[in-house]
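First residue of the sequence shown? That's 18 in the numbering used here, and the numbers climb one at a time after it. Cβ atoms here follow ideal geometry from the backbone N, Cα and C, with glycine treated the same way. Since this is a predicted model, take the numbers as computed values, not measurements.
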Amino acid sequence: MLIGGKYVEAEGQRTRKIIDPSTGRTFAVVPEAGVEDVDRAVQAARAAFEGGDWPSMTAQQRGRVLFRITELARKNAAHLARLETLNVGKPIVESEMDMADAATCFEYYGGLATKISGQTLPVPDQALSLTLREPVGVCGLIVPWNYPLMLAAWKLAPALAAGCTVVLKPAEQTPVTTLEFGRFLQTLDLPPGVINIITGQGETVGAAISHHPSIDKIAFTGGTETGRSILKATSESNLKKVTLELGGKSPNIFFEDADLEGGVDGALFGLFINQGEVCSAGSRVLVQRSIHKKFMSRLILKAARIKLGDPLDRKTKMGPLITAEHRSKVESYIRLGIQEGAKLVFGGSRPRDKKLQGGFYVEPTILDQVHNSMRVAREEIFGPVVCVIPFRDEEEAVAIANDTPYGLAGAVWSRDIYRALRVARRIRAGILWINTMQPCYVEAPWGGYKQSGCGRELGPHAVDEYLETKQVHINLNEKPIGWY
Numbered sequence: 018m019l020i021g022g023k024y025v026e027a028e029g030q031r032t033r034k035i036i037d038p039s040t041g042r043t044f045a046v047v048p049e050a051g052v053e054d055v056d057r058a059v060q061a062a063r064a065a066f067e068g069g070d071w072p073s074m075t076a077q078q079r080g081r082v083l084f085r086i087t088e089l090a091r092k093n094a095a096h097l098a099r100l101e102t103l104n105v106g107k108p109i110v111e112s113e114m115d116m117a118d119a120a121t122c123f124e125y126y127g128g129l130a131t132k133i134s135g136q137t138l139p140v141p142d143q144a145l146s147l148t149l150r151e152p153v154g155v156c157g158l159i160v161p162w163n164y165p166l167m168l169a170a171w172k173l174a175p176a177l178a179a180g181c182t183v184v185l186k187p188a189e190q191t192p193v194t195t196l197e198f199g200r201f202l203q204t205l206d207l208p209p210g211v212i213n214i215i216t217g218q219g220e221t222v223g224a225a226i227s228h229h230p231s232i233d234k235i236a237f238t239g240g241t242e243t244g245r246s247i248l249k250a251t252s253e254s255n256l257k258k259v260t261l262e263l264g265g266k267s268p269n270i271f272f273e274d275a276d277l278e279g280g281v282d283g284a285l286f287g288l289f290i291n292q293g294e295v296c297s298a299g300s301r302v303l304v305q306r307s308i309h310k311k312f313m314s315r316l317i318l319k320a321a322r323i324k325l326g327d328p329l330d331r332k333t334k335m336g337p338l339i340t341a342e343h344r345s346k347v348e349s350y351i352r353l354g355i356q357e358g359a360k361l362v363f364g365g366s367r368p369r370d371k372k373l374q375g376g377f378y379v380e381p382t383i384l385d386q387v388h389n390s391m392r393v394a395r396e397e398i399f400g401p402v403v404c405v406i407p408f409r410d411e412e413e414a415v416a417i418a419n420d421t422p423y424g425l426a427g428a429v430w431s432r433d434i435y436r437a438l439r440v441a442r443r444i445r446a447g448i449l450w451i452n453t454m455q456p457c458y459v460e461a462p463w464g465g466y467k468q469s470g471c472g473r474e475l476g477p478h479a480v481d482e483y484l485e486t487k488q489v490h491i492n493l494n495e496k497p498i499g500w501y
């Protein structure tokens, strides 16, 4: 692990085996941190923030550091993508896209570092009032297993641009690319303690980060229940600032005038990309009844073309799920949907190919005639299972779309731009796409309503989450107050 500028083992020499989900075999061994390791990392980050060289750097110098990180990410992209695929199981082409997005993220915030500024405010007095934007301090960054390095970049880049120091914890299942990236960061000769990377179980390490009184802010991406526990922990310690990007059950709405070919592609991509292990997955496909039959026939036809296989094979379009336990959870939801009355029209099983038997594969699965009250329509499955829900008209589509505890994302497909915008404005979610599904750009904010979290990542909004605002009032009237 990277603590205080040095690579160290965990106290007690504890380790964890890391599994390649495409084979079920161990491909790496990493340290297993404990509470004492969290404390070491936090102390290193606090020392770097309070008395190291990092706080005295100019914004321009910090921006240059981020540009150098960008160069490292691009130079080592092929190596990191391969490790990401081995660790997560996602197709290699998708891992390459993730590495490119991570590099772009560092580049964007490298440019934004010099654009952080306060304001001069007119006040009704002989005085000057202004605001300063200052780094929040030491940040605990907790990253999930579905996009390990890309989501680490989403948090690390704006935190560094703001002038913070960090303790970064990758998911216990997928720490390899983050640790390897940290090794590359060592070549930059960063002040020790600015970036610390620790590995270990969420219930131990994540909880210790959330409770630690010397951490000023938590940024977390993951499940809603874990988000709740983080909020509770921060309220019991020092009322840290918190941003949470949590679960979703996003509606992907198709009206009768939608482009059918593009729409079917959008429905498949919206759910089956990254094996459906995506917080913003369009897992509820709402289809107007007048086109339901035609839509379903094309959806099933195209789903049959999705190639499951070795994720290092460039022709593979879907890899394994992250663990055997997660596969069992997804399979239990498929059985539950059938028990609830949904109609299984495609997939639902493990692939028969003997070459895939050692991995944690599940076929792309389509459940039709789902009702929004079913658990498969209300709970986040986080796997390749799409629930198709028919609707009559615009009013019913909006009602179904909003009838969820989540509010991360959604999409509307229609050639009627008036209707598309009208519906998009009525859906209670933080991200809405029109006639597309899942595009994500570093320039635009990412985050949700309701139980999908609080705060925003990406864009200029993200750096605001790592800053405090200080008011400075300068009296320009030499006359005494004279109150007494």
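For this session: Tell me leucine 185's beta-bridge partners as DSSP assigns them.
Result: The residue labelled residue 185 in the question sits at position 168 within the sequence shown. DSSP, once it has assigned bridges, lists Leu158 and Ile214 as partnering leucine 185.
Exercise. Does the distance from the CB of threonine 251 to the CB of isoleucine 235 come in under 8 Å?
Worked result: Within the sequence shown, numbered from 1, the residue matching residue 251 stands at position 234. Within the sequence shown, numbered from 1, the residue matching residue 235 stands at position 218. Cβ distance < 8 Å, so threonine 251 and isoleucine 235 count as in contact.
For this session: Would you kindly report the start and end of the unbroken beta strand (DSSP E) that includes cysteine 404?
Result: Mapped onto the sequence shown, residue 404 falls at position 387. Segment 402 to 408, the beta strand (DSSP E) holding cysteine 404.
Problem set entry | Residue nearest to glycine 424 in terms of C-alpha spacing, selected from Asn389, Arg315, Ser297 and Gly358 | Within the sequence shown, the letter at position 407 stands for residue 424. Taking only the C-alpha atoms, the option nearest glycine 424 is Ser297.
Problem set entry | Continuous beta strand (DSSP E) assignments of at least 3 residues falling wholly in the region 447 to 499 | 448 to 451 and 484 to 492
For this session: Go ahead and label threonine 204 buried or exposed: buried means 16 or more other beta carbons lie within 10 angstroms of its beta carbon, across all protein chains shown.
Result: Counting from one through the sequence shown, the residue named residue 204 turns up at place 187. Under this definition threonine 204 is an exposed residue.
For this session: Would you mind reading off the limits of the alpha helix (DSSP H) that contains tryptophan 71?
Result: Working through the sequence shown from its first residue, we reach residue 71 at position 54. Careful: tryptophan 71 lies outside any alpha helix (DSSP H) and carries neither H nor E.
For this session: Look at the Cβ atom of aspartate 90, then the Cβ atom of serine 112, and state whether they are nearer than 8 Å.
Result: Start at 1 with the first residue of the sequence shown, and residue 90 comes out as number 73. Start at 1 with the first residue of the sequence shown, and residue 112 comes out as number 95. With the sequence shown as reference, residue 90 is identified as alanine, and aspartate is not the correct amino acid for it. Their beta carbons are not under 8 Å apart, which means alanine 90 does not touch serine 112 by this criterion.
For this session: Using beta-carbon positions only, say whether aspartate 327 and serine 39 come within less than 8 Å of one another.
Result: As a working note, residue 327 is residue 310 in the sequence shown. As a working note, residue 39 is residue 22 in the sequence shown. In this structure, serine 39 lies closer than 8 Å to aspartate 327 by Cβ.
Problem set entry | C-alpha distance - leucine 373 paired with threonine 102, whole-angstrom precision | As a first step, residue 373 must be located in the sequence shown, where it is residue number 356. As a first step, residue 102 must be located in the sequence shown, where it is residue number 85. Approximately 15 Å between the Cα atoms of the pair.
Problem set entry | Same chain, Cβ closer than 7 Å to lysine 487, five either side skipped, listed in chain order | The residue labelled residue 487 in the question sits at position 470 within the sequence shown. These residues qualify, in order along the chain: Thr148, Leu149 and Glu151.
Exercise. Taking the C-alpha atoms as reference points, what is the distance between lysine 249 and alanine 225?
Worked result: What you label residue 249 is simply residue 232 of the sequence shown in a count that begins at 1. What you label residue 225 is simply residue 208 of the sequence shown in a count that begins at 1. Cα to Cα, the separation comes out at about 13 Å.
Problem set entry | Rounded separation between methionine 454 and valine 402 - CA only | Stepping through the sequence shown from its first residue, residue 454 is reached at position 437. Stepping through the sequence shown from its first residue, residue 402 is reached at position 385. Cα to Cα, the separation comes out at about 16 Å.
Exercise. Just checking, does the region 47 to 55 make contact with the region 118 to 129 on the three C-beta pairs under 8 Å criterion?
Worked result: no
Exercise. Which of helix, strand or coil does DSSP assign to valine 47?
Worked result: As a position in the sequence shown, residue 47 is number 30, starting the count at 1. In this structure, valine 47 counts as strand in the three-state DSSP scheme.
For this session: Would you mind stating whether threonine 121 and leucine 166 have Cβ atoms separated by less than 8 Å?
Result: One-based indexing of the sequence shown puts residue 121 at position 104. One-based indexing of the sequence shown puts residue 166 at position 149. Their beta carbons are not under 8 Å apart, which means threonine 121 does not touch leucine 166 by this criterion.
Problem set entry | 7 Å Cβ shell around leucine 493 - same chain, five flanking residues per side excluded | For the purposes of this step, residue 493 is identified with residue 476 of the sequence shown, where counting begins at 1. Cβ neighbours of leucine 493 beyond the five flanking positions: Gln143, Ala144 and Leu145.
Exercise. Under 8 Å between the Cβ atoms of glycine 265 and serine 469?
Worked result: For the purposes of this step, residue 265 is identified with residue 248 of the sequence shown, where counting begins at 1. For the purposes of this step, residue 469 is identified with residue 452 of the sequence shown, where counting begins at 1. Yes. Within cutoff.
Problem set entry | Backbone CA spacing between aspartate 481 and arginine 81 [nearest angstrom] | Working through the sequence shown from its first residue, we reach residue 481 at position 464. Working through the sequence shown from its first residue, we reach residue 81 at position 64. Each residue's alpha carbon lies about 20 Å from the other.
Exercise. What residue range is occupied by the uninterrupted alpha helix (DSSP H) comprising glycine 41?
Worked result: The residue you call residue 41 lines up with position 24 of the sequence shown. Where glycine 41 is concerned, there is no enclosing alpha helix (DSSP H), given that its DSSP letter is neither H nor E.
Exercise. Does the beta-carbon distance from isoleucine 383 to phenylalanine 363 come in below 8 Å?
Worked result: As a working mapping, residue 383 is identified with position 366 in the sequence shown. As a working mapping, residue 363 is identified with position 346 in the sequence shown. Yes. Within cutoff.
Problem set entry | Rounded straight-line distance, which links the Cα of leucine 438 to that of glycine 447 | Within the sequence shown, the letter at position 430 stands for residue 447. Within the sequence shown, the letter at position 421 stands for residue 438. Cα to Cα, the separation comes out at about 14 Å.
Problem set entry | Contact under 8 Å by Cβ, asparagine 291 with lysine 107 | Working through the sequence shown from its first residue, we reach residue 291 at position 274. Working through the sequence shown from its first residue, we reach residue 107 at position 90. Closer than 8 Å, so yes.
Exercise. So is glycine 68 buried or exposed if we call it buried at 16+ other beta carbons inside 10 Å?
Worked result: The count along the sequence shown starts at 1 and reaches residue 68 at position 51. So glycine 68 counts as exposed.
For this session: Spell out a yes or no on whether the region 340 to 347 and the region 311 to 327 are touching, meaning 3 or more CB-CB pairs, one atom from each, closer than 8 Å.
Result: no
For this session: Thinking proline 209 and alanine 58 are a contact (beta carbons under 8 Å), I'd like their distance in whole angstroms, please.
Result: As a position in the sequence shown, residue 209 is number 192, starting the count at 1. As a position in the sequence shown, residue 58 is number 41, starting the count at 1. Contact flag wrong, Cβ pair sits at about 12 Å.
Exercise. Can you check whether the CB of cysteine 404 is closer than 8 Å to the CB of alanine 416?
Worked result: Locating residue 416 in the sequence shown gives position 399, counting from the first residue. Locating residue 404 in the sequence shown gives position 387, counting from the first residue. Contact flag unset, no.
Problem set entry | Which residues DSSP lists as bridging glutamate 151, in chain order | In the sequence shown, residue 151 corresponds to position 134, counting from 1. DSSP output for glutamate 151 lists Glu485 as bridge partner(s).
Problem set entry | Inter-stretch contact at 8 Å, needing at least 3 Cβ pairs: the region 173 to 180 / the region 269 to 284 | no
Problem set entry | Rounded straight-line distance, which links the Cα of valine 160 to that of leucine 8 | Look at the range of the chain in this structure, 18 to 501, and you will see that residue 8 is not part of it.
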